[in-house]
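The opening residue of the sequence shown carries number -9 in my numbering; numbering runs sequentially from there. In what follows, a structure is listed as structure tokens, so that the remarks can point back to it.
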Amino acid sequence: MRCAGSLNRRPGGSWRKADRPIGTGKGEGNMKKEVTIIIPNYNGLAYMEACMEALGNQSFQDFHLLVVDNGSTDGSVEWLRKKRIPALFLPENKGFSAAVNLGIKHSTTPYVILLNNDTKVDKHYVRELLRAITRSPKIFSVSSKMVQMHRPELMDDAGDMYCLFGWAYQRGVGRRSKGYRRAVRVFSACAGAAIYRRQVFEEIGYFDEKHFAYLEDLDVCYRAKIFGYHNLYCPQAVVYHVGSGTSGSKYNDFKVRLAARNNLYVIYKNMPWPQLLVNSPGLLTGILLKYGFFKKIGFKKAYVEGLKEGIRTVGACKKAAFRREHLENYLAIQWELITGTFLYAYEFSKRKLKAVRKV
């Protein structure tokens, strides 16, 4: 593993309006070098130029930048070294969780922003995330307003939610991006574009590397909620997201299998046995409904394989220890599961009604 140096300006153009490298400009107030932007990269060379250009145009420049390359073979390594972008190079693909954990542990700032490479952030993105997370020491993470890159009139994610079916879902996905203007609490931040309070990882644990990828962000935010922390949505922090830039498609065998397995991990690790028993009818219903859905679209085998792998390996996961002082937090989480179910039903029905109207 090797760490590269600072960023040079692009010959024949610029990543930013000034001539100094990204992350070395004048800041606002006392916000100097409070945040490190960590970009995990795996064969994402096609997206890096636009991603870096947007960061170079930030109104707030006092941040550190660190790319963690996950064994890319598409020329990303050579490009990062040529541009002298601060980077850590892994010899092989260790997965999203391992890459961002390495970046977080390598950083020294109070806050870290995790950012997918297939994104372009608004010019006030960093400033707004910092403003949001510094409002209270009980805020663990803040999720961005993620808008679809190629259809900016539509939302991609307004924070992630969780429901009694054991389903994580993107709040607002597919709905008009003109909405979702209010800052609210969400169940989890989407790690594709979110800020985190770094010291909390030492208290609750880091992203679970058993996940490799998918639902690791829900899992870590779930743990934070057990410990009494909150996760917020910040509508002023806007980011445009391609989506599936690494995996290549919305559904594929790899993604379906890992998501099915990791979903069992999340449930087992974070729900104490009484809560698991109470929620078991909804969780089993959720599994059956997912099975029917993936059977319909041709991914039944991958989904079943993921469930089998999850059942076989879930015992190796570290279950969050139940503490009496966290009982109130568990009750609050249970209420969020209930309200999250109603929200899912509402947004799902709205999307279906919109689709019917188009026909």
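Beta carbons are placed, not taken as given, at the ideal position from N, Cα and C, and that holds for glycine.
Boundaries of the beta strand (DSSP E) in which residue i is found, first to last residue
i: methionine 139; result: Where methionine 139 is concerned, there is no enclosing beta strand (DSSP E), given that its DSSP letter is neither H nor E.
Residue i: first and last residue of the uninterrupted alpha helix (DSSP H) it sits in
i: proline 271; result: 263 to 286
i: phenylalanine 86; result: 86 to 96
i: valine 294; result: 290 to 303
i: lysine 309; result: Here lysine 309 belongs to no alpha helix (DSSP H), and DSSP marks it neither H nor E.
i: serine 66; result: 66 to 73
i: leucine 208; result: 206 to 216
Residue i - partner residues in DSSP beta bridges
i: serine 178; result: Asp150
i: aspartate 59; result: Asn31 and Phe79
i: alanine 158; result: Tyr152
i: serine 131; result: Tyr186 and Asn221
i: threonine 109; result: His231
i: tyrosine 101; result: Val25 and Arg187
Beta-carbon proximity list for residue i, same chain, < 6 Å, skipping 5 on both sides
i: isoleucine 185; result: Tyr101, Ile103, Leu119, Ile123 and Val132
i: glycine 162; result: Met145, Ala148 and Tyr170
i: asparagine 83; result: Tyr32, Asn60 and Gly61
i: aspartate 209; result: Asp198 and Val256
i: leucine 297; result: Ala250
i: arginine 247; result: Ala292, Glu295 and Gly296
i: valine 111; result: Ala44 and Val229
Local conformation of residue i per DSSP, three classes
i: phenylalanine 50; result: coil
i: tyrosine 241; result: coil
i: arginine 121; result: helix
i: arginine 251; result: helix
i: arginine 166; result: strand
i: glycine 330; result: helix
C-beta neighbour in chain B for residue i, strict 8 Å
i: glycine 61; result: In summary, chain B is missing from the structure at hand, where a single protein chain is found.
Contacting residues, own chain, Cβ-Cβ under 8 Å from residue i (five flanking each side not counted)
i: cysteine 180; result: Ser133, Ser134, Met136, Asp147, Gly149, Asp150, Gln160 and Asp207
i: valine 90; result: Ile28, Pro30, Val58, Leu104, Ala181 and Phe197
i: proline 142; result: Ser167 and Tyr230
i: cysteine 307; result: Asp198, Lys200, Tyr255, Tyr258 and Lys259
i: asparagine 319; result: Lys215, Ile216, Phe217 and Gly218
i: threonine 331; result: Cys153, Leu154, Phe155 and Gly272
i: leucine 279; result: Phe155
Own chain partners of residue i with C-beta closer than 7 Å, once the 5 adjacent residues on each side are dropped
i: arginine 213; result: Ile194, Gly195, Asn260 and Ala310
i: isoleucine 328; result: Leu154
i: leucine 92; result: Val58 and Leu78
i: glycine 276; result: Phe155, Gly156 and Trp157
i: aspartate 64; result: Asn33 and Leu35
i: glycine 238; result: Caution is warranted here: a pLDDT of 46 is assigned to glycine 238, below 50, making its placement in the model unreliable, and the coordinate value is therefore given only provisionally. No residues qualify anywhere along the chain.
i: phenylalanine 312; result: Pro262
i: leucine 70; result: Ala(-6), Val57, Asp59 and Ala77
i: valine 67; result: Asp59 and Phe79
CB-CB length for residue i against residue j, believed under 8 Å
i: tyrosine 255; j: glycine 300; result: 6 Å
i: glycine 272; j: phenylalanine 155; result: 5 Å
i: methionine 145; j: tyrosine 115; result: Going by Cβ atoms, the distance from methionine 145 to tyrosine 115 rounds to 16 Å, so no, they are not a contact pair.
i: histidine 231; j: asparagine 106; result: 7 Å
i: phenylalanine 177; j: asparagine 221; result: 7 Å
i: arginine 187; j: threonine 99; result: Not quite, the Cβ-Cβ distance comes to about 11 Å (not below 8 Å), so this is no contact.
i: asparagine 252; j: tyrosine 204; result: 5 Å
i: phenylalanine 50; j: arginine 125; result: Rounded, the Cβ-Cβ distance is 16 Å, inconsistent with contact.
i: proline 225; j: alanine 173; result: 6 Å
Cβ-heavy atom distance, residue i to the ligand FAD, below 7 Å
i: cysteine 41; result: Ligands displayed in this structure: none; no statement on the ligand FAD is therefore possible.
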